[in-house]
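Worksheet for the structure shown next.
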Amino acid sequence: MFWKKMLAVLVMVAVFMTGCGSSDAQNPPESQSKTSQQPQQTEQVAEAKPEVEEVELSREAADLENGKQVFMAKANCTQCHRGGINTVIADKHLGKDALEKYNMDSMEAIAHQVRNGKNAMPAYGRRLSEEQIRDVAAYVLSQAEKGWTNQ
Numbered sequence: 001m002f003w004k005k006m007l008a009v010l011v012m013v014a015v016f017m018t019g020c021g022s023s024d025a026q027n028p029p030e031s032q033s034k035t036s037q038q039p040q041q042t043e044q045v046a047e048a049k050p051e052v053e054e055v056e057l058s059r060e061a062a063d064l065e066n067g068k069q070v071f072m073a074k075a076n077c078t079q080c081h082r083g084g085i086n087t088v089i090a091d092k093h094l095g096k097d098a099l100e101k102y103n104m105d106s107m108e109a110i111a112h113q114v115r116n117g118k119n120a121m122p123a124y125g126r127r128l129s130e131e132q133i134r135d136v137a138a139y140v141l142s143q144a145e146k147g148w149t150n151q
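Residue numbers (my numbering): 1 to 151.
Printed below as a string of structure tokens:
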């Protein structure tokens, strides 16, 4: 009885796996060169990327007050970075010297890390708008330049 059930399960798995295989319509003929396949794959990857709203990443366009609100409350950055410190990796604080040391002393670098996360820092790209990311990046840079005095 056990073997009959096992055989039935294996048959179902085999049928499922066969159904999940790709069809010939999706696979290009083998005679095509790899270079001719590359643009097709690139287009498919581009289509799969979620659209990211284009926002000017300049300090002039940023709203520092909104950046402060995002830093303090919305993204809860203060959980690890209150006053510019880093409670997880102390050396990687948000002071100007550390930002320069780790090539994080630009709007683009900070926005990239906020959006995508790194190591223990979570990604906020799906939780924050591009404006909020820009604003918090500008806020972090401005506070680093001031020495995080108002925290």
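By construction, the Cβ of each residue, glycine as well, lies at the ideal position given by its N, Cα and C atoms.
Quiz prompt | Identity of the residue in Lys118, Glu145, Val114 and Val136 nearest arginine 126 by Cα | solution = Val114
Quiz item: Where does tryptophan 162 land, buried or exposed, given buried means 16+ other C-beta within 10 angstroms?
Solution: Here the chain covers residues 1 to 151 and nothing more, so residue 162 does not appear.
Quiz item: What do you get for tyrosine 102, buried or exposed, if any count of 16 or more other CB atoms within 10 angstroms of its CB means buried?
Solution: exposed
Quiz item: Apart from the five residues just before and just after alanine 111, which ones in its own chain have a Cβ nearer than 7 Å to its Cβ?
Solution: Leu57, Ile133, Arg134 and Ala137
Exercise. Drop a sphere of 10 angstroms on the beta-carbon of lysine 5, count the other beta-carbons inside from all chains shown, and report buried for 16 or more, exposed for fewer.
Key: exposed
Quiz item: DSSP on methionine 104, reduced to helix/strand/coil?
Solution: coil
Quiz item: Under a CB-based cut-off of 7 Å, is asparagine 76 close to chain B?
Solution: In summary, chain B is missing from the structure at hand, where a single protein chain is found.
Quiz item: Buried or exposed: where does valine 140 fall if 16 or more other Cβ atoms within 10 Å of its Cβ makes it buried?
Solution: buried
Self-check item: Local conformation of valine 136 per DSSP, three classes
Solution: helix
Practice problem: Whole angstroms is fine: what's the gap from lysine 96's alpha carbon to valine 70's? | Solution: 20 Å
Quiz item: If we call anything under 7 Å between Cβ atoms a contact, is arginine 64 one with serine 129?
Solution: Sequence inspection shows leucine at residue 64; the arginine mentioned does not correspond to that position. The answer is no: Cβ separation not under 7 Å.
Exercise. Would you check if the distance between the CB atom of aspartate 105 and the CB atom of leucine 99 is smaller than 7 Å?
Key: yes
Self-check item: Through-space distance from methionine 121 to lysine 74, alpha-carbon basis
Solution: 15 Å
Quiz item: Going by beta carbon distance, what residues of the same chain come within less than 7 Å of methionine 1, once the five residues before and after it are set aside?
Solution: none
Self-check item: Rounded separation between lysine 118 and alanine 109 - CA only
Solution: 12 Å
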